[in-house]
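For the protein sequence lines, the chains are A and B, in the order given.
If you count the first sequence from 1, position 168 lands on 168 in this note's numbering, and the numbers rise without skipping.
If you count the second sequence from 1, position 45 lands on 45 in this note's numbering, and the numbers rise without skipping.
C-beta: ideal position from N, C-alpha, C; glycine also.
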Amino acid sequence: MPFKGLDAEQIDLLKAITGRTEFDEGSAYNLRLNGQGVARSVTENINIVPKTDAPGIDIYIKAGTKNETVHIPVLLSQSGLKETVFNDFHIGDDAVVTIVAGCGINNHGHGDSEHSGIHSFYIGKNAKVKYVEKHYGVGNAGKKVMNPTTYCELGEGSYMEMDTVQISGVDDTSRKTTAVVGRDAKIVVKEKILTDGDQKARTEFSVDLNGENSGAHLVSRSVAKENSSQLFVSDIRGNAPSNGHSECDAIVMDNGRVVAEPRLSANNIDAALIHEAAIGKIAGEQIIKLMTLGLTEKEAEEQIINGFLK
Amino acid sequence: MIEFRNVSYTSEDGNDIIKDVSFKFSERFVVITGPNGSGKSTVARLIAGIIKPTSGRIFIDDKDITDLSVTERAQEGISYGFQQPVRFKGLTVKDLLSLASGQKLTTAEACTLLSKVGLCARDYVGREANASLSGGELKRIEIAMIMARNTRISVFDEPEAGIDLWSFNNLINVFKELHENTQGTIIIISHQERILKLADRIIVIANGVVTADGEGSKLYKEIQTPGCVYYRKGE
Ligand SMILES: Nc1ncnc2c1ncn2[C@@H]1O[C@H](COP(=O)(O)OP(=O)(O)OP(=O)(O)O)[C@@H](O)[C@H]1O
Ligand SMILES: [Mg+2]
């Protein structure tokens, strides 16, 4: 159903972060616009309840729910608005669910707009969660700031995949993701970030592999252009027989800067932990190869960056 | 028609790699051969514009292309299949074939191109052209890219390298077919007898100079004699 009361710019924002302008009839969603919940829909298996003591919502996914999707986009189009929102996800045993979150800020005014989303996931036994989050900003006067914090508790045998993308227009971001992983459970995080201008992005991952045979796989691909800078911090603690892998792959262009600070702690003899980091400019031979196909240097660069962040 | 007119190339660290090389041919199937390190790939890079001659001029169809950039030469219809293909993180095989052919290919079209080089197409089109592909797979994709471009000049740098016997037989047929059915000029850098045999013309480069240049059917036999004079003349 298309949302009533959104203006054209707000609809564009919604499209940029969710890829759509309306949600399927009978699906679960919650739309937050300029600090207010403005549209909500629940299903038999998915309930969304506004918090009474703080801004935000509780989302309850019933045990055994199969292949449902919840959309919870946040739009900010009022300049100077700063908010901290708490969203808690309670995911029942065996549920299979996709959660699409995201924040779009359109700031044409001079005040700084800021959204800090604090998301907590309590994932039941053998549940499978896919969490997709896109961040996007437009407007060039006031700053657009986003600070997502994610906390994940993975129950026995559960699986969580978190895909986060920040491709454009966010001036300052500090992302913190913390996970506590139980027995036979696994978390996979895929992060993509592009910064340009004077933007700053900081991502921190902190994972405790507490359960036997637990696992974590973190993959970050990022591009820092112009004068932007990024910091990637990861800390994986293998507290039990477990597998942890983090991978940071960054391309720097112009005066872009990237710092990767990986940290691995093996607190158990059977913890197997790996970190890979590669930072550098685009390989010259890649540009040349594409130029021999008829692309200009600039087109070649674009293709390589787009592919890298795809 | 391709002409090198007194082309020399000195590397940045001062090594004379190509020394006053001149040749001119209008044959449509030319094989460049010669010992390792003799300067064959350097000639190919000079044709593609990846490096510029220190002195001398390069012409195609009587047009001086010496000052054209890599992109401009590609747009003029020069294609170069690298000896060592480049790996890309993020770009898929289909992306590369699409870029090569200058249009967004459907999966079916990409498959057709890949099957020419003996790759079981559907398994490959969606894969990233990254480190996960084997050397031979990557090499065949490189060749498919040149075929996708279908330009008036195609340079293949040791297309046989790393390719299994079955695919090689297949490849020979593809080259024959290209020769018969297209109007383009094919230049193959090769050490392979079976490729040399196909040549209308053979150019031997040793130690940065042309040591033999002539009709394929004649030179083909001469250069195979033990201790062949052409291989040594450049020393
Ligand atoms: N940029 C460079 N700087 C210094 N030396 C170079 C450079 N490029 C090539 N060379 C040298 O020039 C010579 C010719 O190299 P080239 O790659 O053209 O040989 P090739 O004939 O293709 O050999 P192969 O049969 O092994 O492929 C070699 O000795 C190589 O080491
Ligand atoms: Mg070579």
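query: Contacts that R140/B makes with chain A (C-beta to C-beta distance below 8 Å); result: Under the 8 Å cutoff, chain A gives no residues; its nearest Cβ is about 16 Å from R140/B.
query: 8 Å Cβ cutoff met for I153/B and S79/B; result: yes
query: Contact test: E160/B Cβ vs ligand 2 heavy atom, cutoff 7 Å; result: no
query: Ligand 2 heavy atom lying under 7 Å from the CB of I189/B; result: yes
query: Residue-level contact to chain A via CB, G14/B, 8 Å cutoff; result: no
query: As assigned by DSSP and simplified to three states, the class of M1/B; result: coil
query: Interface residues of chain B facing M291/A [CB-CB closer than 7 Å]; result: V70, T71 and A74
query: Near ligand 2: K40/B beta-carbon under 7 Å from a heavy atom; result: yes
query: Cβ-heavy atom distance, D208/A to ligand 1, below 7 Å; result: no
query: Selection from V258/A, I236/A, N210/A and Q166/A that minimises the alpha carbon distance to N227/A; result: V258/A
query: R57/B beta carbon less than 8 Å from that of T66/B; result: yes
query: Alpha-carbon to alpha-carbon, P35/B and F29/B; result: 20 Å
query: C-beta atoms of I203/B and E160/B nearer than 8 Å; result: no
query: Paired residues, beta bridge with V165/A - DSSP; result: K134/A and K192/A
query: Cα-Cα separation between A201/A and G184/B, rounded to whole angstroms; result: 51 Å
query: Alpha helix (DSSP H) segment containing K24/B, residue limits; result: K24/B -> not in any alpha helix (DSSP H); beta strand (DSSP E) instead, spanning D16 to F25.
query: Proximity test, G49/B beta-carbon vs ligand 1 heavy atom, cut-off 7 Å; result: no
query: CA-to-CA distance, K186/A to K128/A, given in whole angstroms; result: 10 Å
query: Of the listed residues N243/A, K289/A, Q286/A and G92/A, nearest to N267/A (C-alpha basis); result: N243/A
query: Nearest neighbour of I72/A, chosen from H119/A, K82/A, S222/A and D53/A [CA to CA]; result: H119/A
query: Min CB distance Y9/B to chain A below 8 Å; result: no
query: T203/A, buried or exposed, once every other Cβ within 10 Å from all chains shown has been counted against 16; result: buried
query: Alpha carbon of Y151/A to alpha carbon of T177/A, nearest angstrom; result: 6 Å
query: Within-8 Å CB hit, E285/A to chain B; result: yes
query: Where D249/A meets chain B, residues with beta-carbon distance less than 9 Å; result: K89
query: Contact test: N30/A Cβ vs ligand 1 heavy atom, cutoff 7 Å; result: no
query: Span separating the alpha-carbon of D184/A from that of L194/A; result: 33 Å
query: Any C-beta of chain B under 8 Å from that of L218/A; result: no
query: Contact under 8 Å by Cβ, E133/A with A95/A; result: no
query: Heavy atom of ligand 1 within 7 Å of E142/B beta-carbon; result: no
query: Same chain only: Cβ atoms within 6 Å of Q320/A, ignoring 5 sequence neighbours per side; result: Chain A is shown from 1 up to 310; residue 320/A falls before or after that span and cannot be answered.
query: Own chain residues within Cβ distance below 7 Å of K144/A, not counting five before or after; result: I105, N107, S113, G137, G169, V170 and D171
query: Residue closest to E276/A, alpha-carbon to alpha-carbon, out of G307/A, G5/A, F232/A and L309/A; result: F232/A
query: Closer than 7 Å: D157/B CB and nearest ligand 4 heavy atom; result: With respect to small molecules bound, the structure shown includes ligand 1 and ligand 2 and not ligand 4.
query: Identity of the residue in D13/B, D16/B and F25/B nearest R5/B by Cα; result: F25/B
query: Residues of its chain near G56/A, where Cβ-Cβ distance is below 7 Å and the 5 sequence neighbours each way are ignored; result: V85, F86 and N87
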